[in-house]
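A.B. asks: Attaching a single structure in structure tokens format; questions to follow.
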Amino acid sequence: MSEFKTAQDLADAVRRGELDRRDFLRNSLGLGLTLSSFSVLGLACSGETEAPPPPPADPAVPQPEPELGPIEAELHIYMWSDYIAEDTVPNFEKEFNCKVTVDTYESNEEMIAKLQLGGGGYDLVCPSGYAVTVMGKLGLMEKLTRKYLPNAANIAPIFSKTVFDPSDEHTVPWQWGITGIAYRKDKITTPPDSWAFFLDAAQKGKVTMMDDMRDNIGAWLKYRGKSVNSVDPADLAAAKADAIAAKPNLRAYISAPVKGQLVAGDVFAAQLWNGDTMQAKAENAEIEFAVPKEGAVIWCDSMVIPKGAKNIRAAHEFLNYVLRPDVGAAISNFTGYGSPNSAATAKMTTPVAYPTDEQMKTLEYQQDLGEGTAAWDQLWTDIKSA
Ligand code: N2P
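Residue numbers (numbering that gives the first Met the number 0): 0 to 385.
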């Protein structure tokens, strides 16, 4: 017999904690309840009657990806300047009925600092490889939902499963390039073939180097045959001495915006990326690009969704859109950089060829400096204030 008239009364008593396990079972049997009735009433069943727990998810078996919901009406992008074709955004806005804003930055450090301050409300940002590692450590990235990126099949294998994103969880590669020297061949008799060019007082006031800690100090490390990722105090001291020795010759520390000064002839040579150099050359055919014999930085920038982004579906649609062969080709035709998208490269008028193994011997990808970052930050402050 049961002290309770109905199964619901019994369930309520259990929820109030008024019954121990023996009383619960006795009363349930008295009411003629079966095992399945317990779950209908929302009661857990314990002891001999307990069902085995579900097996833990096997990490080797991919879990289903989340549904993202419909595309939002807006998208906010934060990226390097002059890094997208003029019609990429307007065409996307029209096709997807989504309003896009694009803000620009001139260095990875500037972008990361803004995200760390919680600023911007951005849905996509464009870090270089080492900066993806930094962003990962700082918890600044959302995971991609790859089922919304079918066009990722167009990405060349060399730009997939990279050291900075081994499972392709966070990044879609954007453009790759090299940091070398842009120069006016009509103003400089011998093409610059060494970073020593910036130490030559004959260039005083007519040359610039980049306002970018990694590229600038990296160049001086290369000059002395060291890695662009060195954190060795002796290597850094030598780089500092060279950077300070070059400083009286420099008109400014300036990155992408130097293009106008090269075109106008106010600057004869500038440390610059290859693609930006090609953009300047499109306006003045006297501009050429050189890679110093000691070597240089090669990089690949990627798009990632920053933590807390609001327009996640729109971000995925934009990434999938730029991965179309014709859209990717138009972007690289404008920027002058290499496309990591093989289907896009095949459609380009003058594709930028990835360096040969021989050329790669002097080129180097940047890595996160880890605990050495503080020493580099200090070095850069010392150089700029010297
Ligand atoms: C954009 C160049 C960005 C390249 N103008 C930096 N990795």
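For glycine and all other residues, C-beta sits at the position ideal for the given N, C-alpha and C.
All of these numbers come straight from a predicted model, not from anything done at the bench.
Straight-line CA distance for Y129 to L137?
C.D. replies: Here residue 129 is taken as the residue at index 130 of the sequence shown, counted from 1. Here residue 137 is taken as the residue at index 138 of the sequence shown, counted from 1. C-alpha separation (whole angstroms): 13 Å.
A.B. asks: Can you give me the start and stop residues for the alpha helix (DSSP H) that S331 sits inside?
C.D. replies: Counting from 1 along the sequence shown, the entry for residue 331 is found at position 332. Segment P324 to T334, the alpha helix (DSSP H) holding S331.
A.B. asks: Got a sec? Which residues, its chain only, sit under 8 Å from K160 by beta carbon, not counting five neighbours each side?
C.D. replies: Walking along the sequence shown from the start, residue 160 turns up at place 161. Excluding sequence neighbours, K160 sits near S166 and D167.
A.B. asks: Taking the C-alpha atoms as reference points, what is the distance between A345 and W173?
C.D. replies: Counted from its first residue, the sequence shown places residue 345 at position 346. Counted from its first residue, the sequence shown places residue 173 at position 174. Rounded to whole angstroms, A345 and W173 show a C-alpha spacing of 16 Å.
A.B. asks: Where does the unbroken beta strand (DSSP E) through E73 begin, and where does it stop?
C.D. replies: Counting from one through the sequence shown, the residue named residue 73 turns up at place 74. For E73, the enclosing beta strand (DSSP E) stretches over residues E73 to W79.
A.B. asks: Looking at I83 and D102, is the spacing between their C-beta atoms short of 9 Å?
C.D. replies: Along the sequence shown, one-based indexing puts residue 102 at 103. Along the sequence shown, one-based indexing puts residue 83 at 84. Here D102 is not near I83, since their CB atoms are 9 Å or more apart.
A.B. asks: To which residues of the same chain is K239 closer than 7 Å at the C-beta, ignoring the five residues directly before and after it?
C.D. replies: Within the sequence shown, residue 239 is the residue found at index 240, counting from 1. Excluding positions up to five away in sequence, the list reads L378, D381 and I382.
A.B. asks: Compare the Cα-Cα distances from V162 to each of Y147, I216, C299 and V88 and report the closest residue.
C.D. replies: Within the sequence shown, residue 162 is the residue found at index 163, counting from 1. Considering only Y147, I216, C299 and V88, the residue with the shortest C-alpha distance to V162 is C299.
A.B. asks: Can A84 be considered in contact with the ligand N2P, in the sense that its beta carbon sits closer than 8 Å to one or more heavy atoms?
C.D. replies: Stepping through the sequence shown from its first residue, residue 84 is reached at position 85. No, the ligand N2P has no heavy atom inside 8 Å of this Cβ.
A.B. asks: Please identify the residue among I297, A200 and D199 whose C-alpha is closest to the C-alpha of K360.
C.D. replies: Here residue 360 is taken as the residue at index 361 of the sequence shown, counted from 1. When only C-alpha atoms are compared, the closest one is I297.
A.B. asks: Hey, is the stretch 114 to 129 in contact with the stretch 143 to 150, meaning 3+ C-beta pairs nearer than 8 Å?
C.D. replies: no
A.B. asks: Is the CB-CB distance between P350 and L362 below 9 Å?
C.D. replies: Taking the sequence shown and counting its residues from 1, one reaches residue 350 at position 351. Taking the sequence shown and counting its residues from 1, one reaches residue 362 at position 363. Contact: no.
A.B. asks: Is the closest heavy atom of the ligand N2P to the C-beta of S301 under 8 Å?
C.D. replies: Within the sequence shown, numbered from 1, the residue matching residue 301 stands at position 302. No - the ligand N2P has no heavy atom lying nearer than 8 Å to the Cβ of S301.
A.B. asks: Just curious, the beta strand (DSSP E) that K98 is in, first and last residue?
C.D. replies: For the purposes of this step, residue 98 is taken as residue 99 along the sequence shown, with counting starting at 1. Note, K98: beta strand (DSSP E), K98 to Y104.
A.B. asks: Given a cut-off of 9 Å on the beta-carbon distance, is the pair D214 and E108 in contact?
C.D. replies: The residue you call residue 214 lines up with position 215 of the sequence shown. The residue you call residue 108 lines up with position 109 of the sequence shown. Taking 9 Å as the Cβ cut-off, D214 and E108 do not qualify as a contacting pair.
A.B. asks: Is the beta carbon of E282 sitting closer than 9 Å to the one on K306?
C.D. replies: On the sequence shown, position 283 is the one that residue 282 refers to. On the sequence shown, position 307 is the one that residue 306 refers to. It is not a contact, given that the beta carbons lie outside the stated cut-off.
A.B. asks: N340 by DSSP, collapsed to three states: which one?
C.D. replies: By one-based count along the sequence shown, residue 340 stands at place 341. The answer is strand: DSSP assigns N340 an E or B state.
A.B. asks: For M277, which residues of its own chain have a beta-carbon under 6 Å away from its beta-carbon, when the five flanking residues on both sides are left out?
C.D. replies: Here the question's residue 277 lines up with position 278 in the sequence shown. Excluding positions up to five away in sequence, the list reads G335.
A.B. asks: If you check the beta carbons only, do T87 and V303 fall under 9 Å apart?
C.D. replies: Within the sequence shown, numbered from 1, the residue matching residue 87 stands at position 88. Within the sequence shown, numbered from 1, the residue matching residue 303 stands at position 304. No; because the gap between Cβ atoms is not below 9 Å, this pair is not in contact.
A.B. asks: Around the Cβ of L32, are there at least 16 other Cβ atoms within 10 angstroms (buried) or fewer (exposed)?
C.D. replies: On the sequence shown, position 33 is the one that residue 32 refers to. Confidence is the limiting factor: at L32 the pLDDT is only 45, short of 50, which leaves the residue's position unreliable, though a coordinate-based value still follows. Buried, since its Cβ has 16 or more Cβ neighbours within 10 Å.
A.B. asks: Could you tell me which residues DSSP pairs with I177 in its beta bridges?
C.D. replies: Working through the sequence shown from its first residue, we reach residue 177 at position 178. DSSP lists I297 as partners of I177.
A.B. asks: My parser needs the alpha helix (DSSP H) runs of 4 or more residues fully inside the stretch 342 to 368; what are they?
C.D. replies: 356 to 359
A.B. asks: Taking only the alpha-carbon atoms, compute the straight-line gap between A233 and G294 and give it to the nearest angstrom.
C.D. replies: To locate residue 233, count along the sequence shown from 1; it is residue 234. To locate residue 294, count along the sequence shown from 1; it is residue 295. Their Cα atoms are separated by approximately 20 Å.
A.B. asks: What I want to know is whether the C-beta of S338 ends up closer than 8 Å to one or more non-hydrogen atoms of the ligand ATP.
C.D. replies: Among the ligands modelled here, namely the ligand N2P, the ligand ATP does not occur.
A.B. asks: Could you check if Q202 is buried or exposed, using at least 16 other CB atoms within 10 Å of its CB as the buried criterion?
C.D. replies: Residue mapping note: residue 202 aligns to position 203 of the sequence shown, counting from 1. Buried.
A.B. asks: Are the CB atoms of I157 and A268 within a distance shorter than 9 Å?
C.D. replies: As a first step, residue 268 must be located in the sequence shown, where it is residue number 269. As a first step, residue 157 must be located in the sequence shown, where it is residue number 158. No, they are not a contact pair.
A.B. asks: How would you label G46, buried or exposed, when you count the other beta carbons within 10 angstroms and need 16 or more for buried?
C.D. replies: Numbered from its first residue, the sequence shown carries residue 46 at position 47. Bear in mind that the predicted position of G46 carries a pLDDT of just 42, short of 50, making it too unreliable to give a figure here.
A.B. asks: Determine the contact status of K292 and D356, defining contact as a CB-CB distance below 9 Å.
C.D. replies: Position 293 of the sequence shown, counted from the first residue, corresponds to residue 292. Position 357 of the sequence shown, counted from the first residue, corresponds to residue 356. Result no, Cβ atoms of K292 and D356 do not sit closer than 9 Å.
A.B. asks: Tell me the residue span of the beta strand (DSSP E) that contains T207.
C.D. replies: Position 208 of the sequence shown, counted from the first residue, corresponds to residue 207. It spans V206 to M208 - the beta strand (DSSP E) in which T207 sits, taken as one unbroken run.
A.B. asks: Would E94 be called buried (16 or more neighbouring beta carbons within 10 Å of its own) or exposed?
C.D. replies: For the purposes of this step, residue 94 is taken as the residue at position 95 of the sequence shown. Counting the other Cβ atoms within 10 Å of the Cβ of E94 gives fewer than 16, which makes it exposed.
A.B. asks: Please report the distance separating the alpha-carbon of E141 from that of K221.
C.D. replies: Position 142 of the sequence shown, counting from 1, holds the residue named residue 141. Position 222 of the sequence shown, counting from 1, holds the residue named residue 221. One C-alpha to the other measures close to 34 Å.
A.B. asks: Hey, could you find the ends of the beta strand (DSSP E) R250 is sitting in?
C.D. replies: Taking the sequence shown and counting its residues from 1, the one referred to as residue 250 is at position 251. From DSSP, the beta strand (DSSP E) with R250 extends over L249 to Y252.
A.B. asks: Between which two residues does the beta strand (DSSP E) containing A289 stretch?
C.D. replies: Against the sequence shown, residue 289 aligns to sequence position 290. Here the beta strand (DSSP E) through A289 covers I286 to A289.
A.B. asks: Please classify P339 as buried or exposed, where buried requires at least 16 neighbouring CB atoms within 10 angstroms.
C.D. replies: Your numbering for residue 339 matches position 340 in the sequence shown. By the 10 Å Cβ count, P339 comes out buried.
A.B. asks: How is S226 classed by DSSP in three states: helix, strand or coil?
C.D. replies: As a first step, residue 226 is located in the sequence shown; it is residue number 227 there, counting from the start. It is coil, neither helix nor strand.
A.B. asks: Mapping DSSP to helix, strand and coil, what is F37?
C.D. replies: On the sequence shown, position 38 is the one that residue 37 refers to. Only weak support is given to the placement of F37: the predicted model assigns it a pLDDT of 39, under 50, and the question is left unresolved by the model.
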